[in-house]
Amino acid sequence: MDELLSRNYRILNTHTSSDPLPVFLSRQASSVRAFVNIALLKIDADLLSHLPSLQLIVCTSVGTNHVDLAECKRRGIAVTNAGEAFSEDVADFAVGLLISVLRRIPAADRYVRSANWAKSGDFQLGIKLSGKRVGILGLGSIGSLIAKRLEPFGCIISYNSTSQKQRIPYLYYPDVLSLAANNDVVVLSCALNDQTHHIVNREVMEALGKNGVIINVGRGGLIDEKEMVKVFGQYCAACFS
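Next up, the structure:
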């Protein structure tokens, strides 16, 4: 990336400087027009105060929850993200996680490597994905691709999103609680913001049930992790972030 950008722009690498970030930015304040955020650095009002000439923030991630968007809007700073660049990969990963959990692939691998199979017998079979009811929280680019990948498995797909989508064949649930109560699996693929922070709480986990599975390919903040630790194995069989 540095090589491509350096053809037309002067590149300032914060990671090559021994100065604290605020000091480094202050020294370059008048010349910095764009900020490429690769490391999910928190960009808040304090950091922006060191960059009075900033016009653009480029996030190499899809999520922008680490950027104070309201402050950027107030300062007239444009913010971009990676868009759909990683959507296919994340959708593949989500389905891979789900199969891995249901079929207990990591546990089976550890069992074989430990050689316990010789004296303890066969490893207990996992659960098939075929026919599972899968609820997708956030039917955007990634969520839609996950749904398409699950269709050939014969999964019964439903979703919850900011609004019901037209010409979508999947059943829509108006809230996360009803989505969890009517599915075996809940996949989280929505953005993290003030409305979705801890959207999966204890009540949602209880609604999903003892054998329920949560697959999280979004930000960790979507799940109330303290409650997840308390109920793990009691109300949901597996959670992945």
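Remember, this note's numbering sits 933 above the position in the sequence shown when you count from 1. Ideal Cβ positions, reconstructed from N, Cα and C, are used throughout, including at glycine.
- One thing to note: V1023 has its Cβ no nearer than 9 Å to the Cβ of A1124.
- Taken atom to atom, the span from the alpha-carbon of P953 to that of A962 is near 14 Å.
- DSSP places C992 in the strand class (E or B) of the three-state scheme.
- Counted as a single uninterrupted DSSP element, the alpha helix (DSSP H) harbouring F1026 occupies residues 1020-1036.
- According to the DSSP assignment, F968 belongs to the beta strand (DSSP E) that extends over 967-970.
- Assigned with DSSP and collapsed to three states, S959 falls in helix.
- Membership of S1091 in any alpha helix (DSSP H) is not indicated; the residue belongs instead to the beta strand (DSSP E) covering 1089-1093.
- Counting along the chain, V1120 sits inside no alpha helix (DSSP H); it lies in the beta strand (DSSP E) bounded by residues 1118-1121.
- For L989, the CB contacts under 6 Å within the same chain, skipping 5 residues up- and downstream, are A967, A1011 in chain order.
- Nearest to L1121 by alpha-carbon distance, out of A1048, G1068, L1078, A1041, is G1068.
- Residue state for V1137 is assigned as helix, using DSSP reduced to three classes.
- K1065 and H999 have their C-alpha atoms spaced approximately 34 Å apart.
- The residue from D1127, L1070, L973 with its alpha-carbon nearest to that of L1112 is L1070.
- In summary, D1001 is buried, with 16 or more beta-carbon neighbours lying within 10 Å of its beta-carbon over all protein chains present.
- Selection K1081, G1076, R1043, V1034 evaluated against G1059 yields V1034 as nearest (Cα-Cα).
- Contact check between the stretch 944-958 and the stretch 977-985: three or more CB pairs, one atom from each, fall below 8 Å, which counts as touching.
- With contacts defined as CB atoms closer than 9 Å, V1133 and D1117 fail to qualify as a contacting pair.
- Within the same chain, R1066 come within 6 Å of I1089 by CB-CB distance, once the 5 residues on both sides are set aside.
- Pairwise C-beta distances place the stretch 1085-1104 out of contact with the stretch 1137-1146, as fewer than three of them are shorter than 8 Å.
- Closest in alpha carbon position to I1148, among A1027, D1055, L938, is A1027.
- Ranked by Cα distance from D1055, the options A1040, K1061, L1062 are led by A1040.
- A distance of 9 Å or more separates the beta carbons of K1061 and R1082.
- In the three-state reduction of the DSSP assignment, I1060 falls in the coil class, being assigned neither a helical nor a strand state.
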